Structures are given as C-alpha cells and as structure tokens.
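Sequential numbering from 27 applies to the sequence shown in this note's numbering.
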Amino acid sequence: LSDYVRTGIALNARVLGFTSISAFVAALIFGVAPALRTSNPDLQDALKEGGRSSTERFGLHRGRSLLVMFEIATALVLLIGAGLMINSFLRLKGRYAGLDPQNVMITEITLDDKRYSGFAQIHLYWEDLLQRTRNLPGVQSVAAVANLLSDMWVGGTYVGVTVQGHPTLRIPHRGAHCNPITFDYLQTMRIPLRRGRYFTEQDMKPAPAVAIVNESFVKHFFAKDEDPIGKEIRIIEVEDRSLQADATPGTSLGDVGYSIVGVVKDLKSNWEIEEKAEHEMYFPYPQSPAVFKRPMRRLNLVVRTDSAPLSLVGAIRKTISALDKDQPLSNPVILEQMDSDSLVPQRSLAVLIGIFALVAVGLASIGIYGVMAYFVTRRIHEIGIRMALGAQPHDVRWLVMRHGLKMTLIGLALGWVAAFNLTKLLSSYIFGVSPTDPATFVAVLICLPAERAR
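Printed below as a string of structure tokens:
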C-alpha cells in the first residue's frame with residue numbers, strides 16, 4: 027500500500043508495538059471491571075430471582091450504555107469521513123470534464139544536440155514525424171507538446187508577462203506558464219475552448235505571433251467583463267536565466283508581442299488536489315520565444331487512437347526508426363492509466379476509512395443488540411407483570427425500543443459534534459468539498475440504519 031499512497035508510512039516495529047500495547051491495554055481496561063465485580067458478588071442479591079441492585083441499575087448498565095453510545099458516535103464519525111473522501115474522489119474523477127483521456131498514448135522524444143543543432147532541423151523532423159504518424163491506421167489525431175509527462179497537465183517554463191493596456195504587475199503576480207505546442211494539441215487532448223479559436227496550420231508559421239491562454243490567466247490579468255481576444259501579451263522575464271544561453275542574436279525579452287486568439291478551460295496538476303489553477307499560455311512551437319534554450323528538442327508525442335493505444339507502439343517505433351535509426355523512444359504511457367494512478371492515494375484513503383466505518387457500524391450494531399437483549403432478559407419479570415396487568419404488546423415493544431432509541435440518538439448527537447471537529451483534519455486530503463459539508467453529514471444520518479436500535 028505504501029508504494030501507492032506515497033505517505034512515507036510503512037509497517038515497522040513502532041507500529042506493531044503501538045497496536046500490540048493498545049490491544050493489551052484495551053483488553054485490560056474492559057476486563058478489569060467485570061472481573062472485580064465477579065470476585066466480590068452480592069450473595070443476597072444473587073439469590074433474589076430477577077433482583078437488581080442499585081449498583082447494577084446505575085453502574086454497570088449505565089456503563090454498557092455509554093460504551094454503545096461511544097460505538098455509535100465512532101461509527102458516525104468514520105462514516106462521515108468515508109462519505110467526504112468518496113465525495114472528493116468522485117469530484118476528482120470528474121474535474122477534467124471535457125478532457126477525454128481515453129485511448130491516448132504519450133511518449134517523450136528527445137533529439138540529440140549534435141545531430142539536431144538548429145531550429146530548422148528540429149522543425150523538419152517534427153513535421154515529418156507528425157505527418158507520418160497521422161497516416162498510420164487507427165490513429166485519430168496526433169500532436170506534440172513541450173511539457174506534459176514531467177508536470178502532468180500543467181507545465182511549461184515559468185515566465186513573467188505584461189498585458190496590453192494593463193500596468194505591469196509586481197513579482198510574483200505577473201508569472202505564468204509558457205508551453206509550446208503543435209497546432210492540434212488542444213484538439214487532440216479535447217481541452218474545451220471557452221472563447222475565440224484553436225490554433226490552425228497557418229499559425230505554425232513564425233508570424234503573426236499568436237497565443238492561447240486559459241481561464242485562470244484571463245481572470246488574473248484582465249478585468250471581469252474584459253474581452254481578452256486580440257489583446258497582446260509580451261514575455262518580459264524568464265525564471266531560469268540559463269534559458270537565455272541559446273537566444274537568437276539580436277533578440278531580447280519583450281521584443282515579440284503575442285496576440286491572444288483563444289481561451290481554453292483550466293486544467294489543474296493531477297498530483298495536487300487544491301482547486302487553484304495555474305496561469306497558462308500556449309504558443310505554436312515555431313513561434314516559441316527566442317530566449318528558450320535548445321528549442322523543441324524535447325517534445326511529448328501525443329497520439330489519440332481508435333482502439334487500445336498500446337497496439338500501435340510497434341508501428342510508431344518503426345516510424346521513428348525510419349526517420350532516424352539512432353533516435354531512442356521512451357516507454358509510452360497511457361493517459362487514462364496516468365490519470366487513474368494519480369488518484370490512488372485518495373482512492374486508498376477512502377477505501378481504508380470506509381472499511382473502518384463498516385467495522386464500526388457492525389460493532390455498534392452488535393453492541394446495541396447485546397445491551398437490548400440483556401435489558402429484556404433482566405426485565406422479563408417486570409414485563410410479565412405489565413402484561414398480566416393489561417399492558418398491550420405495542421406498549422412493551424415501545425418500552426424496549428425507547429431505551430435503544432435513547433442510546434442511538436445520544437450516540438448520533440455525540441458523533442455529529444465529534445465529526446464536525448475531527449473531519450477538519452481531512453481538509454488536505456479532500457477536493458472540491460468542505461470538511462463540514464452539510465450534504466454529506468445529512469446523507470450519512472439518513473443512511474445510518476436507525477432501526478438497528480430495535
């Protein structure tokens with residue numbers, strides 16, 4: 027489990043020691059009270075049929091009831107925790123609505139510095155590779171992007187920008203991620219377009235310079251009702267100054283203005299569950315800012331297929347070898363599997379808490395049944411007298427149910443208060459839902475089988 031959850035927690039001597047000591051202490055605590063009572067019995071009370079001492083009525087019986095209430099409260103806390111985790115997991119799975127990861131394969135290709143020293147060679151290689159891959163049977167579309175595998179959805183060089191008609195923001199409020207792509211990358215990934223247009227083949231020329239930004243970029247750099255389409259953005263600084271080493275002579279930051287032609291949906295990093303999205307800009311890779319070192323030598327090839335993507339790995343390898351027999355190909359990954367694997371920690375935690383919750387519900391049910399059975403057994407004499415004096419069966423049932431219902435309601439109330447405070451500890455593990463989400467709290471209370479108290 028530790029390989030998937032990635033928490034740094036593993037089974038070790040301290041964990042085994044703690045659980046062993048806890049089990050021993052629990053057995054000792056809950057075994058001492060009945061043992062002490064048995065070792066010093068009240069013989070006079072024991073000889074009375076159906077007799078019950080004040081100690082039993084107000085001591086042991088109350089202790090049993092308190093334990094059952096504690097079990098019910100614990101079960102409610104765990105059920106609410108499991109409900110929050112499941113709710114969060116479902117939101118995580120649906121947060122990429124519009125981005126379809128099915129039948130998409132990604133592989134990283136890094137061109138050799140010596141064989142591909144100039145941008146013209148790099149551009150020719152990629153254009154040839156993309157065209158040949160498009161012609162393969164079973165390929166729906168193919169594209170390339172500079173940053174994907176290493177940074178998941180969000181990627182690119184972090185740069186400082188200025189926007190036409192707006193004052194230059196102070197560091198770090200002017201930062202955004204800059205990601206060079208081929209013209210059909212956004213369509214291949216099926217990232218929804220919010221306004222404007224996608225890139226076209228005409229945009230793969232060096233000019234006019236165009237860019238597509240995401241919704242987060244628009245909200246940060248533009249006024250609420252301002253239309254960003256047609257506005258110009260310029261790169262004024264790069265976080266990593268070493269990227270300027272291979273800059274084209276005579277060029278500098280801010281020389282080129284990129285006209286915004288489209289706005290796309292936000293995509294958050296798949297390894298993070300916070301709701302805030304990064305500010306992103308996409309450029310056609312032939313128009314990549316001149317300060318970028320070794321432009322486009324490393325790209326991620328994105329292939330969307332009609333069926334299982336891995337069936338085309340052999341054909342893609344042959345295509346790459348036909349272009350350059352010495353060009354290595356990294357192991358391809360399936361986007362759908364990448365998305366699923368990234369949610370393993372949340373899924374594992376939800377399952378774990380769910381199992382604990384079910385065990386707690388089972389123990390609470392057994393506890394209620396045991397206490398109620400003992401309650402009825404000790405009051406058989408009283409029930410018989412009540413029936414003889416004319417009590418109806420439903421009156422007797424209500425007498426028994428009232429005691430179970432009282433324990434259940436008190437346990438639920440205690441569990442509600444505890445859950446309201448303890449579920450805040452899950453805030454760093456849940457996405458898109460409050461730790462005190464009313465819908466989850468109410469749903470668990472409705473689903474919790476109160477009839478078990480009968």
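Even for Gly, the Cβ is constructed at its ideal location relative to N, Cα and C.
In this text the structure is predicted, and so the values were computed from the model without any measurement.
Residue(s) in a DSSP beta bridge with residue i
i: residue 260; result: 188 and 283
i: residue 134; result: 326
i: residue 309; result: 206
i: residue 411; result: None, per the DSSP bridge assignment.
i: residue 238; result: 288 and 308
i: residue 360; result: 131
i: residue 201; result: 186
Three-way DSSP call (helix, strand, coil) for residue i in this model
i: residue 447; result: helix
i: residue 480; result: Confidence is the limiting factor: at residue 480 the pLDDT is only 46, short of 50, which leaves the residue's position unreliable and the question unanswerable from this model.
i: residue 219; result: strand
i: residue 456; result: coil
i: residue 113; result: helix
i: residue 98; result: helix
i: residue 226; result: coil
i: residue 353; result: coil
i: residue 82; result: Note that residue 82 scores 49 on pLDDT, short of 50, meaning its location in the model is unreliable; the coordinates nonetheless yield the value given after this. In this structure, residue 82 counts as helix in the three-state DSSP scheme.
i: residue 255; result: coil
i: residue 418; result: coil
i: residue 167; result: strand
i: residue 331; result: strand
i: residue 393; result: helix
i: residue 151; result: helix
i: residue 319; result: Residue placement at residue 319 is flagged as unreliable, the pLDDT there being 48, under the threshold of 50; the coordinate-derived value follows with that caveat. In the structure shown, residue 319 sits in coil (DSSP, three-state: anything other than H, G, I, E or B).
i: residue 371; result: helix
i: residue 144; result: coil
i: residue 93; result: helix
i: residue 439; result: helix
i: residue 431; result: helix
i: residue 461; result: coil
i: residue 314; result: coil
i: residue 248; result: coil
i: residue 214; result: helix
i: residue 104; result: helix
i: residue 382; result: helix
i: residue 2; result: Residue 2 lies beyond the residue range present for the chain, which begins at 27 and ends at 480; the question has no answer from this structure.
i: residue 336; result: helix
Nearest-angstrom Cβ-Cβ length linking residue i and residue j, presumed shorter than 8 Å
i: residue 133; j: residue 355; result: 6 Å
i: residue 225; j: residue 238; result: 7 Å
i: residue 338; j: residue 165; result: 7 Å
i: residue 261; j: residue 359; result: The Cβ separation is near 30 Å, so there is no contact.
i: residue 114; j: residue 457; result: 5 Å
i: residue 397; j: residue 409; result: Going by Cβ atoms, the distance from residue 397 to residue 409 rounds to 16 Å, so no, they are not a contact pair.
i: residue 142; j: residue 206; result: Not a contact, Cβ separation roughly 16 Å.
i: residue 459; j: residue 102; result: 18 Å between Cβ atoms; not a contact.
i: residue 234; j: residue 285; result: 7 Å
i: residue 236; j: residue 287; result: 5 Å
i: residue 427; j: residue 91; result: Contact flag wrong, Cβ pair sits at about 14 Å.
i: residue 290; j: residue 212; result: 6 Å
Assigned exposure category for residue i - 16 Cβ within 10 Å defines buried
i: residue 453; result: exposed
i: residue 330; result: buried
i: residue 429; result: buried
i: residue 464; result: exposed
i: residue 88; result: exposed
i: residue 44; result: exposed
i: residue 418; result: exposed
i: residue 472; result: exposed
i: residue 200; result: buried
i: residue 191; result: exposed
i: residue 390; result: buried
i: residue 152; result: buried
i: residue 420; result: exposed
i: residue 306; result: buried
i: residue 303; result: buried
i: residue 193; result: exposed
Distance cut-off 8 Å: residue i Cβ against heavy atoms of the ligand FAD
i: residue 422; result: Only the bare structure without any ligand can be found here, which leaves the ligand FAD out of the picture.
Checklist entry - On the three-pair Cβ rule with 8 Å, is the segment 373 to 388 touching the segment 332 to 352? => result Per the Cβ contact rule, the segment 373 to 388 is not in contact with the segment 332 to 352 (fewer than 3 Cβ pairs under 8 Å).
Checklist entry - So, do the segment 386 to 401 and the segment 89 to 104 have three or more beta carbon pairs nearer to each other than 8 Å? => result Yes, they touch.
Checklist entry - Hey, is the segment 101 to 112 in contact with the segment 464 to 473, meaning 3+ C-beta pairs nearer than 8 Å? => result In short, these stretches touch, since the Cβ pair count reaches three.
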